[in-house]
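This report refers to the structure that appears directly beneath it.
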Ligand code: IMP
């Protein structure tokens with residue numbers, strides 16, 4: 006029995022989808038606790054009914070939905086666009102998966118149509134200070150939650166409460182939209198009836214998910230708390246303001262799912278073997294050269310939600326060290342090691358140089374960060390193995406890994422004094438090497 010949190014240690018897109026799916030196999034309950042449909046988890050899944058390998062892109066529903074007999078929970082800390090959620094449930098049903106095992110917190114906030122409009126207008130207005138958002142209305146939904154203008158799932162089941170809230174909110178939003186001269190206008194009636202309809206369609210999923218999760222924990226069930234985005238997109242700990250609007254770190258796994266922090270047993274950080282970033286802001290180890298293009302192409306580094314090309318660079322251990330600290334990692338999974346294959350030499354940043362000063366800790370000031378140059382440690386690379394060759398390595402186990410790869414992953418683990426749990430060498434679940442005692 007364990008309550009386990011999975012967190013991205015970089016800028017999201019570390020391959021958490023695959024790793025969550027890997028751990029989901031052992032878990033009874035899988036919970037999303039923050040973010041919304043700005044996330045995109047690609048899961049390559051073997052359908053137990055047909056034996057066929059299928060590819061799924063899930064944005065807000067936890068990956069546990071694909072597993073029969075497991076509970077998939079959208080916790081109170083998540084923000085949900087109900088139209089998009091219904092598209093996902095319909096897509097799953099069409100593919101032959103049931104959704105009776107989906108539960109949505111009655112306290113989760115709803116992304117309203119005006120949040121999408123405001124997200125686009127505000128991000129544009131911010132210019133260079135904009136995070137380059139996914140335009141899914143995430144920021145404005147969290148803004149309203151904190152300002153107590155939010156509409157929660159319990160509200161769309163209650164016509165009286167919904168009406169009272171919309172009477173207050175809609176005129177205020179109208180005035181706000183006028184500031185942008187965008188010509189957008191809102192209809193209170195349309196908003197009311199569409200939300201009531203969503204409430205009717207989603208009614209059976211909406212419940213007190215905190216109670217559900219705590220009861221499962223009491224019964225000794227295994228719970229997986231699935232983080233979205235990454236530590237450096239956290240609204241407190243990321244490169245502010247180039248962040249998302251939620252806390253993506255492990256601490257929020259408790260708040261966002263309604264369990265106590267003392268109930269969490271393990272915090273697993275997913276570390277991509279190199280760095281990628283979608284959106285604006287400084288990326289100290291970014292490679293705007295042939296190697297960057299090599300990683301982009303070979304790693305298929307395009308955003309799962311927006312399709313944008315990701316900015317690629319060397320591994321940055323200043324970032325990962327910071328993540329290990331603020332998440333209290335108990336173990337790591339290193340992903341995409343196969344993508345680095347074929348590069349003669351690899352680099353990883355161990356510190357930054359800021360005007361001749363050596364910086365070991367990730368700075369809060371984005372101007373300082375933008376002026377930092379990485380201080381690298383170099384490593385010899387390993388061959389560009391074919392899928393079959395990686396398959397053989399996985400079958401034979403750790404002993405058959407190239408020594409250069411072992412040196413690289415040992416370095417990562419040692420730098421943050423955290424044991425390795427898994428090594429991932431391909432996108433499919435079985436392309437994974439389990440590391441029994443944390444050592445390679
Ligand atoms: P928002 O979350 O849509 O507000 O976007 C804020 C920033 O977070 C932008 O730079 C996005 O590109 C980034 N972002 C949001 N979600 C993800 C994700 O799941 N993976 C990677 N980056 C993300």
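Numbering (the numbering used here), first residue to last: 6 to 445.
By construction, the Cβ of each residue, glycine as well, lies at the ideal position given by its N, Cα and C atoms.
Between residue i and the ligand IMP, is there a pair consisting of the residue's CB and a ligand heavy atom that are separated by less than 7 Å?
i           : result
residue 43  : yes
residue 250 : yes
residue 15  : no
residue 2   : The requested residue 2 is not part of the displayed model; the chain covers only 6 to 445.
residue 148 : no
residue 138 : yes
residue 233 : yes
residue 321 : no
residue 307 : no
residue 18  : yes
residue 310 : yes
residue 283 : yes
residue 144 : yes
residue 208 : no
residue 153 : no
residue 119 : no
residue 247 : yes
residue 330 : no
residue 451 : Limits of the chain in this structure are 6 at one end and 445 at the other, which puts residue 451 out of reach.
Would you check if the distance between the CB atom of residue i and the CB atom of residue j is smaller than 8 Å?
i           : j           : result
residue 41  : residue 86  : yes
residue 229 : residue 197 : no
residue 275 : residue 338 : yes
residue 306 : residue 281 : yes
residue 247 : residue 286 : yes
residue 7   : residue 241 : no
residue 329 : residue 421 : yes
residue 114 : residue 150 : yes
residue 289 : residue 245 : no
residue 214 : residue 80  : yes
residue 431 : residue 395 : yes
residue 217 : residue 278 : no
residue 272 : residue 109 : no
residue 450 : residue 383 : Because the chain is modelled from 6 through 445, residue 450 falls outside the range shown and cannot be assessed.
residue 17  : residue 194 : no
residue 405 : residue 23  : no
residue 125 : residue 284 : no
residue 258 : residue 10  : yes
Residue i: buried (16+ other C-beta within 10 angstroms of its C-beta) or exposed?
i           : result
residue 186 : exposed
residue 14  : buried
residue 177 : exposed
residue 172 : exposed
residue 117 : buried
residue 239 : buried
residue 68  : buried
residue 332 : buried
residue 267 : exposed
residue 130 : exposed
residue 134 : exposed
residue 19  : buried
residue 335 : buried
residue 160 : buried
residue 369 : exposed
residue 43  : buried
residue 435 : exposed
residue 62  : exposed
residue 58  : exposed
residue 37  : buried
Could you check how far apart the C-beta atoms of residue i and residue j are, in whole angstroms? I think they sit under 8 Å.
i           : j           : result
residue 426 : residue 440 : 6 Å
residue 231 : residue 25  : 5 Å
residue 144 : residue 261 : Not a contact, Cβ separation roughly 17 Å.
residue 344 : residue 304 : 4 Å
Measure from the C-beta of residue i to each C-beta in chain B and report whether the shortest distance is under 8 Å.
i           : result
residue 379 : Among the protein chains of the structure shown there is no chain B, as only one such chain exists.
Is the segment 243–258 touching the segment 205–216 in the sense that three or more CB pairs, one from each, lie closer than 8 Å?
-> no
Just checking, does the segment 95–110 make contact with the segment 66–80 on the three C-beta pairs under 8 Å criterion?
-> Contact between the segment 95–110 and the segment 66–80 is present, because at least three Cβ pairs lie under 8 Å.
Is the number of C-beta pairs between the segment 79–97 and the segment 130–140 that are closer than 8 Å three or more?
-> no
Within the chosen definition, does the segment 24–35 reach the segment 220–235 through at least 3 CB pairs nearer than 8 Å?
-> yes
Do the segment 401–417 and the segment 371–378 make contact, defined as three or more Cβ pairs closer than 8 Å?
-> no
Touching by the beta-carbon criterion (3+ pairs, under 8 Å), the segment 53–64 and the segment 187–196 | no
Are the segment 319–332 and the segment 358–372 touching, with three or more C-beta to C-beta distances below 8 Å?
-> yes
Counting pairs of beta carbons, one from the segment 150–159 and one from the segment 296–305, are three or more of them closer than 8 Å?
-> Between the segment 150–159 and the segment 296–305 there are fewer than three C-beta pairs closer than 8 Å, too few to call the two in contact.
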